[in-house]
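K.L.:
My questions all concern the structure below.
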Amino acid sequence: MKQFILFGKVSTLALWVVLIVNLFYPLAGEVYSQYLIWGFLALIITHLFEALAFMNKNKDSSEPVFVDTLQVFMFGFFHPLSLKDKG
Numbered sequence: 015m016k017q018f019i020l021f022g023k024v025s026t027l028a029l030w031v032v033l034i035v036n037l038f039y040p041l042a043g044e045v046y047s048q049y050l051i052w053g054f055l056a057l058i059i060t061h062l063f064e065a066l067a068f069m070n071k072n073k074d075s076s077e078p079v080f081v082d083t084l085q086v087f088m089f090g091f092f093h094p095l096s097l098k099d100k101g
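Counting from 15, one number per residue, gives the positions in the sequence shown under my numbering.
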């Protein structure tokens, strides 16, 4: 399970990097770059809702709520899975 979570976190982080780089240097031409920008906006909105949803559930964690919320925003549901896997 830990390998799956690690793979998911690394993949999500790589996706963030690709989408942020695409903002400054269009990667795949004009049309595909627009799709990547829309995907970036969808990723931000989705992870923002996940972070808000998990903010109250992570109050029992040993880390501060802000740190947990930021990690949920960055890695999505893989961070709560890693908390569940620890406990």
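Quick reminder that beta carbons are idealized off the backbone N, C-alpha and C, glycines included. All values reported here derive from a predicted model rather than from experimental measurement.
Is the region 36 to 45 touching the region 62 to 70, taking contact as three or more C-beta pairs under 8 Å?
P.N.:
Segments in contact, no.
K.L.:
Could you give the distance in angstroms between the alpha-carbon of Gln85 and the alpha-carbon of Leu50?
P.N.:
The count along the sequence shown starts at 1 and reaches residue 85 at position 71. The count along the sequence shown starts at 1 and reaches residue 50 at position 36. Approximately 22 Å, taken between the alpha carbons.
K.L.:
Three-state secondary structure (DSSP) at Pro40?
P.N.:
To locate residue 40, count along the sequence shown from 1; it is residue 26. Here Pro40 sits in coil by DSSP.
K.L.:
Could you give the uninterrupted runs of the beta strand (DSSP E) lying entirely in the region 40 to 80, keeping only those of 3 residues or more?
P.N.:
The region 40 to 80 contains no whole beta strand (DSSP E) run of 3 or more residues.
K.L.:
Could you tell me if Leu20 is buried or exposed, where buried requires 16 or more neighbouring beta carbons within 10 angstroms of its beta carbon?
P.N.:
If you number the sequence shown from 1, residue 20 lands on position 6. With fewer than 16 other Cβ atoms within 10 Å, it is exposed.
K.L.:
Could you check the C-alpha separation between Val24 and Ser96 for me, to the nearest Å?
P.N.:
Mapped onto the sequence shown, residue 24 falls at position 10. Mapped onto the sequence shown, residue 96 falls at position 82. For Val24 and Ser96, the distance between alpha carbons rounds to 13 Å.
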